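As structure tokens, the structure follows; a few thoughts come after it.
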Amino acid sequence: MNIIELKNINKFFGEKESRQQILKNISINIEKGEMVAIMGPSGSGKSTMLNVLGLLDNNYSGEYMLDGIEASKLSNNELAMARNEKIGFVFQNFNLIKELSAKENVKMSLIFSNIYKKGKEKISKKVMDKSSSDILEKVGLKNHENKKPGQLSGGQQQRVAIARALVNNPEIILADEPTGALDSKIGEEIMKVFLKLNNQGKTVIIVTHDERVAQMCGRTIHIKDGVVQ
Numbered sequence: 001m002n003i004i005e006l007k008n009i010n011k012f013f014g015e016k017e018s019r020q021q022i023l024k025n026i027s028i029n030i031e032k033g034e035m036v037a038i039m040g041p042s043g044s045g046k047s048t049m050l051n052v053l054g055l056l057d058n059n060y061s062g063e064y065m066l067d068g069i070e071a072s073k074l075s076n077n078e079l080a081m082a083r084n085e086k087i088g089f090v091f092q093n094f095n096l097i098k099e100l101s102a103k104e105n106v107k108m109s110l111i112f113s114n115i116y117k118k119g120k121e122k123i124s125k126k127v128m129d130k131s132s133s134d135i136l137e138k139v140g141l142k143n144h145e146n147k148k149p150g151q152l153s154g155g156q157q158q159r160v161a162i163a164r165a166l167v168n169n170p171e172i173i174l175a176d177e178p179t180g181a182l183d184s185k186i187g188e189e190i191m192k193v194f195l196k197l198n199n200q201g202k203t204v205i206i207v208t209h210d211e212r213v214a215q216m217c218g219r220t221i222h223i224k225d226g227v228v229q
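Read in UniProt numbering, the sequence shown has 168 at position 168, and its numbers run on one by one without any break.
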């Protein structure tokens with residue numbers, strides 16, 4: 001069963017003479033529970049494709065079906081809700097708030113989730129605290145939840161970022177160069193976390209330029225000059 005279907009996705013930037021096509025008739029399917037790498041040289045369009053997959057960019061032509069929902073026709077509020085409920089994001093540079101503890105950084109996802117729960121039951125503070133602590137324990141940071149990012153190693157910060165992505169229990173994890181800021185040993189440990197998540201049924205999509213990372217995934221999608229090879 002496909003959780004993601006892109007059909008003839010075209011994406012342009014700029015106007016008139018400076019108009020440039022970044023994605024060219026992209027059509028891909030990703031099955032539920034797959035672990036997929038997206039590879040391509042700098043400027044190939046892979047980050048733009050990740051923005052489309054992550055519902056961060058809805059300004060394109062073509063059709064995007066996300067778990068049976070036609071994402072290409074969602075309103076901005078519906079996009080925000082789907083993004084919050086279905087997708088967890090992990091970034092190369094962690095994107096943690098340095099003034100907050102690890103637990104508080106994770107809890108931010110639940111706070112944002114409450115914002116979009118219009119007419120739905122809100123998550124209580126007690127549940128937020130327990131969920132944040134539980135997910136940090138799952139990524140091996142049980143004894144570090146009160147530390148701020150500056151007190152953690154790069155690998156630990158990325159684990160916090162993964163915990164933050166997971167706390168809403170999304171079906172899809174999107175990771176943009178998640179090992180890029182880490183040395184090879186720590187990067188391998190982070191990949192083991194993604195493999196474990198995939199074994200638990202999560203769909204994991206990783207944008208990477210690292211062949212070793214791609215080899216740990218079940219399938220690699222190559223993109224060059226905006227075209228899937």
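Note that the Cβ used here is the ideal one computed from N, Cα and C, for glycine as well. Bear in mind the structure is a predicted one, so any value in this text is a computation, not a measurement.
DSSP three-state assignment for residue i, whether helix, strand or coil
{"i": "Ile111", "result": "helix"}
{"i": "Arg19", "result": "coil"}
{"i": "Gly88", "result": "strand"}
{"i": "Thr208", "result": "strand"}
{"i": "Ala102", "result": "helix"}
{"i": "Lys32", "result": "coil"}
{"i": "Lys202", "result": "coil"}
Residue from the options with nearest C-alpha to residue i
{"i": "Leu110", "options": "Glu177, Ser132 and Val90", "result": "Ser132"}
{"i": "Cys217", "options": "Val193, Ser18, Met128 and Gly226", "result": "Val193"}
{"i": "Val160", "options": "Asp57, Leu23, Lys142 and Pro170", "result": "Lys142"}
{"i": "Ser44", "options": "Asp57, Lys32, Ile22 and Asn8", "result": "Ile22"}
{"i": "Gln200", "options": "Glu34, Ile4, Met1 and Asn8", "result": "Glu34"}
{"i": "Pro170", "options": "Glu85, Asp210, Phe112 and His209", "result": "Glu85"}
{"i": "Phe112", "options": "Asp176, Arg83, Lys46 and Ala102", "result": "Arg83"}
{"i": "Lys130", "options": "Lys148, Gly180 and Glu104", "result": "Glu104"}
{"i": "Phe12", "options": "Val52, His209, Ile38 and Lys185", "result": "Val52"}
{"i": "Leu56", "options": "Glu15, Ile3 and Gly88", "result": "Gly88"}
{"i": "Ile26", "options": "Met108, Arg219 and Ile4", "result": "Ile4"}
{"i": "Asn168", "options": "Lys16, Val127 and Met49", "result": "Val127"}
{"i": "Glu188", "options": "Ile205, Val204 and Asp210", "result": "Asp210"}
Residue i, buried or exposed, once every other Cβ within 10 Å from all chains shown has been counted against 16
{"i": "Ile115", "result": "exposed"}
{"i": "Asn29", "result": "exposed"}
{"i": "Lys122", "result": "exposed"}
{"i": "Asn134", "result": "According to the sequence as given, residue 134 is Asp; it is not Asn. Exposed, because fewer than 16 other Cβ atoms sit within 10 Å of the Cβ of Asp134."}
{"i": "Gln18", "result": "Correcting the residue identity first, residue 18 is Ser in this sequence and not Gln. Result: exposed."}
{"i": "Arg212", "result": "exposed"}
{"i": "Arg164", "result": "buried"}
{"i": "Ser184", "result": "exposed"}
{"i": "Lys120", "result": "exposed"}
{"i": "Ile69", "result": "exposed"}
{"i": "Lys46", "result": "buried"}
Own chain residues within Cβ distance below 8 Å of residue i, not counting five before or after
{"i": "Leu182", "result": "Gly154, Gly155, Gln158 and Ile190"}
{"i": "Met1", "result": "Glu31 and Lys32"}
{"i": "Ser72", "result": "Asn58, Tyr60, Gly62, Glu63 and Tyr64"}
Sequence-distant residues of its chain with Cβ nearer than 6 Å to residue i (five each side left out)
{"i": "Lys202", "result": "Ile173"}
{"i": "Arg219", "result": "Val36"}
7 Å Cβ shell around residue i - same chain, five flanking residues per side excluded
{"i": "Ile162", "result": "Val90, Val139 and Val193"}
{"i": "Lys24", "result": "Asn10, Gly226 and Val227"}
{"i": "Pro41", "result": "Lys224"}
{"i": "Gln92", "result": "Asp176, Glu177, Pro178, Gly180 and Ala181"}
{"i": "Lys98", "result": "Lys148, Pro149 and Gly150"}
{"i": "Ser101", "result": "Glu145, Asn146, Lys147 and Lys148"}
For this session: Any chance you could list the beta strand (DSSP E) runs of at least 3 consecutive residues sitting entirely within the stretch 35-100, in chain order?
Result: Listed in chain order, they are 35-39, 61-66 and 87-91.
Exercise. Considering only residues of the stretch 112-185, which uninterrupted beta strand (DSSP E) runs meet the minimum length of 3 residues and lie entirely inside it, listed in chain order?
Worked result: Counting only runs of 3+ residues, the beta strand (DSSP E) found wholly inside the stretch 112-185 occupies 172-176, in chain order.
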